[in-house]
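Under our numbering, the first residue of the sequence shown is numbered 861, with each subsequent residue one higher.
We put the beta carbon where it would ideally sit given N, CA and C, even for glycine.
As the structure is a prediction and not an experimental result, all values here were calculated from the model.
One structure is given here, and the rest of the page talks about it.
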Amino acid sequence: MVTILDATTPVAKRVRHPEKQNRPDTEVKRKPEWIRVKAPTSKGYQETRSIVKEHNLVTVCEEAGCPNIGECWDKKHATFMIMGEICTRACAFCNVITGKPNALDMNEPENVAKAVREMGLMHVVITSVDRDDLDDGGAEHFEKVIWAIRAASPETTIEILTPDFLRKPGALERVVAAKPDVFNHNLETVPGNYLTVRPGARYFHSLRLLQRVKELDPTMFTKSGIMVGLGEERNEVLQLMDDLRSADVDFMTIGQYLQPTRKHHEVMSYITPEEFRSYEKIAYTKGFLMVSSSPLTRSSHHAGDDFARLKANRDARMAAADTHN
Ligand code: SF4
């Protein structure tokens, strides 16, 4: 089969993952009972949906088929995905459409800011597709979105979940200078899985990016997450925790990988809630300020409440350090 993909084809009609079309189907394992989620139907969910549509916004909640959408949208918490819905990478776990992206929407910063104000958000999470096609990887656009939100809702705290800006000199520095409150960049998986799970990325580049954020602005909270159930060994996860701590990362998230389609990476195992609790306990002993580890943990799940706890934990740690001096 030949797949023709061009920018004039409406997104809804496109093959979402042309690069995966010829892959053999993988086995889809039955989900354990602790993974089941309710269908999104509440009034709050419908209201969030209307605001998102009205401002022509894209959310990772929908694009990634997040299992928490019913719960998050009911509480008016959505993660906005900027710079379009087409990604230039083709990670084996991700459901976001792959292909040649459209031009940036110059009205997007204002539209995101309007939606944030209308929804009365205390904390907002902004993420994006990978834009390897842009000279700065989309750094300027991130900057504009942060500024627009600051102007429209000065009290709202801003968390960004960024791509790796691989081979985009100066991009990271530019985004950090815009002063988001939390800088999140996900490692996604252990280094041994990168070639099969995240082939366009480099583990040590991502780690270094997180470390560099802290060097540029030691007051900025840094955050990173992984998915488990991709065939990783427990010891590899513990090593990754040490790597994140060496990069001075404050907050770690660990969630179960769920397979979007038969063409995506197979779920190698379902990690039990007990194993998630054990990861959480160990991660705290390694010195993270915050850890969220559960089957349905996602980078942006409960991000607002977590931000308040993150700040409180840092204040408590600094107060304890002062007492000892
Ligand atoms: S966890 Fe994040 S991506 Fe999922 S629905 Fe909630 S805000 Fe959206």
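Q | Neighbourhood of THR1049 by C-beta distance below 7 Å, restricted to the same chain and skipping five residues each side | A | VAL1057, ARG1058, ILE1086, MET1087, LEU1090 and GLU1092
request  = Would you be able to state if there are at least three C-beta pairs under 8 Å between the segment 1126-1140 and the segment 1065-1081?
outcome  = no
*Contact set for ILE1020: own chain, Cβ-Cβ below 8 Å, skip 5 residues either direction*: VAL985, ILE986, THR987, PHE1002, ILE1006, VAL1035, PRO1040, VAL1042, PHE1043 and ASN1044
Within the present structure, is the beta-carbon of TRP1007 separated from the nearest heavy atom of the ligand SF4 by less than 8 Å?
no
What I want to know is whether the C-beta of VAL920 ends up closer than 8 Å to one or more non-hydrogen atoms of the ligand SF4. yes
How is GLN1071 classed by DSSP in three states: helix, strand or coil?
helix
Expressed to the nearest angstrom, what Euclidean distance is found between the alpha-carbon atoms of LEU1067 and ILE1131?
24 Å
Next item on the list: Assuming GLN1116 and ILE895 form a contact by the criterion Cβ under 8 Å, report the distance between their Cβ atoms to the nearest whole angstrom.
Entry: 7 Å
Mind checking which residues open and close the beta strand (DSSP E) that includes ASN1095? Note, ASN1095: premise wrong, no beta strand (DSSP E); alpha helix (DSSP H) at 1094-1106.
task: Can you tell me which of THR948, LEU981 and ALA1012 puts its alpha carbon nearest to the alpha carbon of GLY997?
output: THR948
**Asked** If you draw a straight line from the C-alpha of PRO1029 to the C-alpha of ALA963, how long is it?
**Response** 21 Å
Quick one, which of ASN967, PRO961, GLU923 and PRO900 has its alpha-carbon nearest PHE953's?
-> GLU923
Outcome for PRO1023 when other beta-carbon atoms lying within 10 angstroms are tallied against a minimum of 16: buried
* **Inter-residue spacing [alpha-carbon to alpha-carbon] between ARG1177 and LYS1146** => 14 Å
CB of SER1160 within 9 Å of CB of CYS932, strictly = yes
Please classify PHE1167 as buried or exposed, where buried requires at least 16 neighbouring CB atoms within 10 angstroms. buried
Inset, instruction - Quick one: give me the first and last residue of the beta strand (DSSP E) that LYS1083 is part of. - result: 1081-1088
Margin query: Using the Cβ count rule (16 or more neighbours within 10 Å means buried), how would you classify HIS1184?
Written below: exposed
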